[in-house]
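In this text, residue positions in the sequence shown follow UniProt numbering: the first is 1, and each later residue adds one.
Note that the Cβ used here is the ideal one computed from N, Cα and C, for glycine as well.
Notes follow the structure.
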Amino acid sequence: MNPYVLMVLLSSLGLGTTLTFASSHWLLAWMGLEINTLAIVPLMAQHHHPRAVEATTKYFLTQATAAAMIMFASTTNAWITGEWDMNNMSSPIASTMIIVALALKIGLAPMHFWMPEVLQGLNLLTGLILSTWQKLAPFALIVQTAQAVDPLLLTALGISSTLVGGWGGLNQAQLRKILAYSSIAHMGWMIIVLQYAPQLTLLALSTYIFMTSAAFLTLKLSSATSVNTLATVWSKSPILTSTTALVLLSLGGLPPLTGFMPKWLILQELAKQSLPITATVMALAALLSLYFYLRLCYAMTLTISPSTAASTTPWRVQATQASLPLALSTTIALGLLPVTPAMLMLTT
Numbered sequence: 001m002n003p004y005v006l007m008v009l010l011s012s013l014g015l016g017t018t019l020t021f022a023s024s025h026w027l028l029a030w031m032g033l034e035i036n037t038l039a040i041v042p043l044m045a046q047h048h049h050p051r052a053v054e055a056t057t058k059y060f061l062t063q064a065t066a067a068a069m070i071m072f073a074s075t076t077n078a079w080i081t082g083e084w085d086m087n088n089m090s091s092p093i094a095s096t097m098i099i100v101a102l103a104l105k106i107g108l109a110p111m112h113f114w115m116p117e118v119l120q121g122l123n124l125l126t127g128l129i130l131s132t133w134q135k136l137a138p139f140a141l142i143v144q145t146a147q148a149v150d151p152l153l154l155t156a157l158g159i160s161s162t163l164v165g166g167w168g169g170l171n172q173a174q175l176r177k178i179l180a181y182s183s184i185a186h187m188g189w190m191i192i193v194l195q196y197a198p199q200l201t202l203l204a205l206s207t208y209i210f211m212t213s214a215a216f217l218t219l220k221l222s223s224a225t226s227v228n229t230l231a232t233v234w235s236k237s238p239i240l241t242s243t244t245a246l247v248l249l250s251l252g253g254l255p256p257l258t259g260f261m262p263k264w265l266i267l268q269e270l271a272k273q274s275l276p277i278t279a280t281v282m283a284l285a286a287l288l289s290l291y292f293y294l295r296l297c298y299a300m301t302l303t304i305s306p307s308t309a310a311s312t313t314p315w316r317v318q319a320t321q322a323s324l325p326l327a328l329s330t331t332i333a334l335g336l337l338p339v340t341p342a343m344l345m346l347t348t
């Protein structure tokens with residue numbers, strides 16, 4: 001892609017998200033979401049591969065549907081209340097519609113069906129943008145409107161997302177689909193605690209972004225897209241293989257890694273709010289996700305690729321990818337648990 005075109009598209013992505021962050025008016029927020037969607041569509045379809053074009057079409061249709069729902073709901077709310085302000089969501093129908101539309105935008109269950117299919121058709125860098133940056137603007141709107149929504153709806157979205165994210169990833173052989181289901185499960189953890197402690201939602205979102213960035217950048221460096229090709233990675237770069245296994249366990253939420261921190265604090269908050277059954281279901285759903293992360297670790301570190309593998313053998317070629325983002329995101333994804341008290345001080 002032409003670097004000038006790429007610069008325009010990436011700056012439009014930044015502009016759309018910033019516009020949504022800064023707005024308290026529904027029309028401006030909607031405009032930011034639309035700029036975001038229109039900026040990433042050319043990035044998704046840049047390889048002119050049939051799968052990429054199909055993924056782009058699916059993504060565009062789902063995002064356009066969600067945007068139409070947001071516009072309809074915000075117009076309904078403005079018609080009832082007489083103003084477009086986000087903080088004045090007095091109509092329960094409008095606020096429910098907006099949460100459902102934003103859940104469709106970020107891929108919460110049961111509106112998650114587009115997410116694994118779209119991510120599977122993209123290359124790993126565009127998939128990284130879709131899994132991290134594209135979640136920020138809709139999440140900002142969810143955080144702002146969550147207090148006007150029925151708590152039962154948010155709890156249902158959170159629990160269903162963690163269960164679907166765990167179950168869906170169990171029998172997958174494609175790494176991008178596994179990461180898509182991982183994303184759905186993490187979104188469920190963020191939504192479940194939103195009504196009680198929004199600061200924990202933001203903490204979980206930031207740790208999720210660093211862990212997912214580390215996972216995607218590692219897979220891009222090793223050119224792995226399926227579980228079978230993971231088995232050939234250890235011979236090429238053993239140190240990278242060991243850090244990748246730790247990053248995956250961090251995504252699963254095992255101590256003493258960074259991913260344990262948000263899960264621990266969210267379960268603690270749910271217990272404080274006298275919701276032991278919800279906390280138990282969330283903890284058990286996390287075990288489902290942990291199983292497929294362990295499966296990846298097993299394939300990567302404890303198996304030898306069969307000599308009849310259809311994939312080409314990865315030789316030690318010089319990597320062209322910049323190593324600083326990978327090193328930074330991996331370090332944060334592995335070693336942030338000891339600074340949990342400082343994080344709590346910042347978020348309270």
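Counterpart residues of residue i in DSSP-defined beta bridges
i, result
"Ser24", "Answer is none; Ser24 lacks a bridge partner."
"Asp85", "His25"
"Gln174", "Ser226"
Residue i versus the options, residue with shortest Cα-Cα distance
i, options, result
"Leu267", "Ile192, Ser12, Asp150 and Ile93", "Ile192"
"Leu102", "Met187, Arg176, Leu175 and Thr18", "Met187"
"Thr57", "Met115, Val339 and Ser226", "Met115"
"Thr62", "Ser90, Pro92 and Ile106", "Ile106"
"Pro50", "Asn123, Phe113 and Met190", "Asn123"
"Val227", "Leu284, Phe292 and Ala279", "Phe292"
"Ile209", "Leu326, Gln273, Ile277 and Ala173", "Leu326"
"Leu290", "Ser323, Gly253 and Val5", "Gly253"
"Leu328", "Thr340, Leu284 and Thr243", "Thr243"
"Trp26", "Thr18, Pro3, Ser11 and Glu83", "Glu83"
"Leu249", "Ser274, Gly16, Pro276 and Leu294", "Leu294"
"Pro238", "Ile304, Tyr4 and Lys272", "Ile304"
Cutoff 8 Å; reference residue i; Cβ partners in own chain excluding five residues on either side
i, result
"Leu337", "Pro255, Pro256, Leu257, Thr258, Phe260 and Met261"
"Val247", "Met211, Ala214, Ala215, Thr218, Thr330, Ala333 and Leu334"
"Ala64", "Thr37"
"Pro151", "Gln195"
"Ser91", "Thr76, Asn77, Ile80 and Thr81"
"Val233", "Ser222, Ala224, Leu240, Thr241, Thr244, Met300 and Pro314"
Proximal residues to residue i (C-beta, below 7 Å), its chain only, five neighbours per side dropped
i, result
"Asn88", "Thr81"
"Leu230", "Ala224, Leu296, Ala299 and Met300"
"Ala197", "Glu269"
"Leu13", "Asn36, Ala39, Ile40 and Trp133"
"Ala245", "Cys297, Met300 and Thr301"
"Thr20", "Ala29, Gly32, Leu33, Ala137, Ala140 and Leu141"
"residue 351", "Residue 351 lies beyond the range of the chain shown here (1 to 348); nothing can be said about it."
"Leu9", "Ala39, Pro42 and Leu43"
"Met1", "Gln46"
"Val339", "none"
"Gln273", "Tyr196"
"Ala271", "Ala279"
Beta-carbon proximity list for residue i, same chain, < 6 Å, skipping 5 on both sides
i, result
"Ser23", "Ala29"
"Trp264", "none"
"residue 402", "A question about residue 402 goes unanswered here, because the residues of the chain that appear run from 1 up to 348."
"Val53", "Ala45"
"residue 352", "Limits of the chain in this structure are 1 at one end and 348 at the other, which puts residue 352 out of reach."
"Ala285", "Thr162, Leu163 and Gly166"
Cβ separation of residue i and residue j, assumed to be a contact under 8 Å, to the nearest whole Å
i, j, result
"Ser206", "Leu251", "Wrong, their Cβ atoms sit about 14 Å apart, outside the cutoff."
"Leu104", "Met111", "4 Å"
"Ala185", "Thr162", "5 Å"
"Glu117", "Ala67", "Wrong, their Cβ atoms sit about 19 Å apart, outside the cutoff."
"Leu125", "Lys220", "6 Å"
"Gln288", "Leu170", "With the sequence shown as reference, residue 288 is identified as Leu, and Gln is not the correct amino acid for it. Contact flag correct, Cβ pair sits at about 7 Å."
"Tyr119", "Lys177", "Position check: residue 119 holds Leu in this sequence, whereas Tyr was assumed. Right, their Cβ atoms sit about 7 Å apart."
"Thr347", "Gln147", "Between Gln147 and Thr347 the Cβ distance is about 18 Å, and since that is not below 8 Å, they are no contact."
"Trp189", "Met282", "7 Å"
"Thr278", "Thr155", "7 Å"
"Leu108", "Leu157", "5 Å"
C-beta neighbour in chain D for residue i, strict 7 Å
i, result
"Leu175", "In the displayed structure, chain D is absent; only one protein chain is listed."
(Q) Is it the case that the segment 70 to 80 contacts the segment 38 to 48, given that we only count it when at least three CB pairs across the two stretches are under 8 Å? (A) Judged by Cβ distances under 8 Å, the segment 38 to 48 makes no contact with the segment 70 to 80, as fewer than three pairs qualify.
Q | Validate contact between the segment 124 to 135 and the segment 143 to 153 using beta carbons, cut 8 Å, 3 pairs | A | At 8 Å Cβ cutoff, the stretches do not touch.
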